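Q:
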Amino acid sequence: MQDAVIITGSAGGLGKALSDTLSSNGSNVIGIDKNTSADITADLSTTHGRQLAVSSALDICPHPKAVVANAGLSPIHEDPFAILEVNWLGVKELLDSFLYPLSGNRAGCAVAISSIGAAVGGDKELINCLLEGRISEAKANLNTVLQSNATEAGIVAYSSCKVAVAQYVRRNTKLWGENGVRLNCIAPGRMETAMLDGLLSHDEIAPGIEALPTGIIKSASASKVADVVAFFLSDQSSFIHGQVLYVDGGSESLIRPNII
Ligand code: NAD
Numbered sequence: 000m001q002d003a004v005i006i007t008g009s010a011g012g013l014g015k016a017l018s019d020t021l022s023s024n025g026s027n028v029i030g031i032d033k034n035t036s037a038d039i040t041a042d043l044s045t046t047h048g049r050q051l052a053v054s055s056a057l058d059i060c061p062h063p064k065a066v067v068a069n070a071g072l073s074p075i076h077e078d079p080f081a082i083l084e085v086n087w088l089g090v091k092e093l094l095d096s097f098l099y100p101l102s103g104n105r106a107g108c109a110v111a112i113s114s115i116g117a118a119v120g121g122d123k124e125l126i127n128c129l130l131e132g133r134i135s136e137a138k139a140n141l142n143t144v145l146q147s148n149a150t151e152a153g154i155v156a157y158s159s160c161k162v163a164v165a166q167y168v169r170r171n172t173k174l175w176g177e178n179g180v181r182l183n184c185i186a187p188g189r190m191e192t193a194m195l196d197g198l199l200s201h202d203e204i205a206p207g208i209e210a211l212p213t214g215i216i217k218s219a220s221a222s223k224v225a226d227v228v229a230f231f232l233s234d235q236s237s238f239i240h241g242q243v244l245y246v247d248g249g250s251e252s253l254i255r256p257n258i259i
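Residue numbers for the sequence shown, in numbering that gives the first Met the number 0: 0 to 259.
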């Protein structure tokens, strides 16, 4: 296969919406998900699953046009350590592995999916551990939070991973640029998927989501966010590299107006 777009978490939510949008525009899509409906079934919460995902995708398309590191677990997932595996290592290890294959494609680019959670939370020490590859220390740090509050551990794991994902993109601007591959990040706000449904039905988490300020529209469909990802993958955005874009109806700007 030529010029494929590889999408993780392709079986539901944003990943599925993006797969549908790109496929209907004639793009070749290779979907990766733990759900067996995907082109490649792989569990990104394990080292083996991540390696399988990369090798299987490259067997189908050695020089893909794009990679979208989208798969993520919700902050209310029962195992906060799995959040570190999927939401951080499932992004970082996959993007690291796809850089050189992407550089073999004239139009190679990638998008990582962060979250509005990056603007409102995260633990500095945990984020540094993730970015510096100190995963055992990250787990020990998270375990301390887990001992006192399981809900908080999920929130801290999720937000810290989403900050790390956005910083990974910015820190890799030079390396990826030197290899001719554009790398950007989209950070959605309230996006109407199964993940949001779960969060809104959680007694402790729902009030925080409801308290997010709304600039223009309170929430958006996954396909609205997919349209922005598709733009970042297109030639129309060929001068955009190393950026983090909040697609959130204005929430992030309202929360921290002085950050540019
Ligand atoms: P979702 O839960 O609706 O879909 C996630 C997909 O990822 C599913 O198909 C699931 O099977 C897959 N997945 C989960 N764990 C996996 C694993 N271990 N291995 C392989 N695949 C796995 O989520 P969504 O709302 O579409 O979220 C997509 C991305 O957007 C995530 O990174 C999420 O953190 C982010 N995000 C979502 C929202 C929101 O409001 N929904 C807001 C901000 C950011």
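Using N, Cα and C, we set each Cβ at its ideal position, and we do this for glycine too. Please read these numbers as outputs of a predicted model, since none were measured by experiment.
#1: Specify whether the segment 152-164 and the segment 100-117 touch according to this definition: at least 3 beta carbon pairs, one from each stretch, less than 8 Å apart.
#2: Look at the Cβ atom of Leu263, then the Cβ atom of Val110, and state whether they are nearer than 8 Å.
#3: With a threshold of 16 other CB atoms inside 10 Å of the CB of Met190, please say whether the residue is buried or exposed.
#4: Can you give me the Cβ contacts of Lys33 inside the same chain, cut-off strictly under 6 Å, excluding the 5 residues immediately before and after it?
#5: Buried or exposed, going by whether 16 or more other CB atoms sit within 10 Å of the CB of Phe238?
#6: Tell me, please, which residues DSSP counts as bridged to Gly30.
#7: Any contact between the segment 66-73 and the segment 129-147? By contact I mean 3 or more CB pairs, one from each, below 8 Å.
#8: Can you list, in chain order, the residues of its chain with a C-beta nearer than 7 Å to that of Leu88? Leave out the 5 residues immediately preceding and following it.
#9: Would a C-beta distance cut-off of 8 Å place Val66 and Leu94 closer than the cut-off?
#10: For Ser222, collect the residues of the same chain with a Cβ closer than 7 Å to its Cβ; drop the 5 residues on either side in sequence, then sort them by chain order.
#11: Since Ile260 and Ser9 are thought to touch, with beta carbons under 8 Å apart, how far apart are those beta carbons, to the nearest angstrom?
#12: When you compare the CB positions of Gly120 and Val164, do they come within less than 8 Å of one another, or not?
#13: Is Lys33 near ligand 1, in the sense that its beta carbon is under 7 Å from a heavy atom of that ligand?
#14: In terms of residue numbering, what span does the beta strand (DSSP E) encompassing Ala111 cover?
#15: Please return the same chain residues whose Cβ sits closer than 8 Å to the Cβ of Lys138, not counting the five positions on each side in sequence.
#16: With respect to the alpha helix (DSSP H) encompassing Pro187, which residues constitute its N-terminal and C-terminal limits?
#17: What did DSSP end up calling Ser22 once you bin it into helix, strand or coil?
#18: With a threshold of 7 Å, establish whether the CB of Arg189 neighbours any heavy atom of ligand 1.
#19: Once DSSP output is grouped into helix, strand and coil, what is the label at Ala37?
#20: Just the Cα atoms here: how many angstroms apart are Gly197 and Pro187?
#21: Buried or exposed, going by whether 16 or more other CB atoms sit within 10 Å of the CB of Tyr167?
#22: Compare the Cα-Cα distances from Ile185 to each of Leu51, Asp202, Ser23, Val246 and report the closest residue.
A: This is what the structure holds:
#1: yes
#2: In the structure displayed, the chain extends from 0 to 259; residue 263 sits before or after that span and is not available.
#3: On the sequence shown, residue 190 is found 191 positions in, with the first residue counted as 1. Buried.
#4: Indexing the sequence shown from 1 puts residue 33 at position 34. Asp42.
#5: The residue given as residue 238 occupies position 239 in the sequence shown. Exposed is the call here.
#6: Taking the first residue of the sequence shown as position 1, residue 30 is located at position 31. Its beta-bridge partners are Ile6.
#7: no
#8: Looking up residue 88 in the sequence shown gives position 89. Excluding sequence neighbours, Leu88 sits near Arg49.
#9: Here the question's residue 66 lines up with position 67 in the sequence shown. Here the question's residue 94 lines up with position 95 in the sequence shown. Yes; because the gap between Cβ atoms is below 8 Å, this pair is in contact.
#10: As a working note, residue 222 is residue 223 in the sequence shown. Once the five neighbours on either side are set aside, the close Cβ partners of Ser222 are Ala16, Thr20.
#11: Residue 260 is absent from the model: the chain starts at 0 and stops at 259.
#12: In the sequence shown, the residue the question calls residue 120 occupies position 121. In the sequence shown, the residue the question calls residue 164 occupies position 165. No; because the gap between Cβ atoms is not below 8 Å, this pair is not in contact.
#13: Translated into positions along the sequence shown, residue 33 becomes position 34. The answer is yes for Lys33.
#14: Position 112 of the sequence shown, counted from the first residue, corresponds to residue 111. Segment 108-112, the beta strand (DSSP E) holding Ala111.
#15: As a first step, residue 138 is located in the sequence shown; it is residue number 139 there, counting from the start. So the qualifying residues of the chain are Phe80, Leu83.
#16: Within the sequence shown, numbered from 1, the residue matching residue 187 stands at position 188. Looking at the DSSP string, Pro187 is not in any alpha helix (DSSP H); the run it does join, the beta strand (DSSP E), is 181-187.
#17: Position 23 of the sequence shown, counting from 1, holds the residue named residue 22. Reduced to three states, the DSSP call for Ser22 is helix.
#18: Against the sequence shown, residue 189 aligns to sequence position 190. Yes, the Cβ of Arg189 comes within 7 Å of a heavy atom of ligand 1.
#19: Indexing the sequence shown from 1 puts residue 37 at position 38. DSSP places Ala37 in coil when its eight states are reduced to three.
#20: In the sequence shown, residue 197 corresponds to position 198, counting from 1. In the sequence shown, residue 187 corresponds to position 188, counting from 1. Computed Cα separation, rounded: 16 Å.
#21: Position 168 of the sequence shown, counting from 1, holds the residue named residue 167. Buried.
#22: Sequence index remark: in the sequence shown, residue 185 carries index 186 (1-based). Comparing Cα-Cα distances from Ile185 to each of Leu51, Asp202, Ser23, Val246, the minimum goes to Val246.
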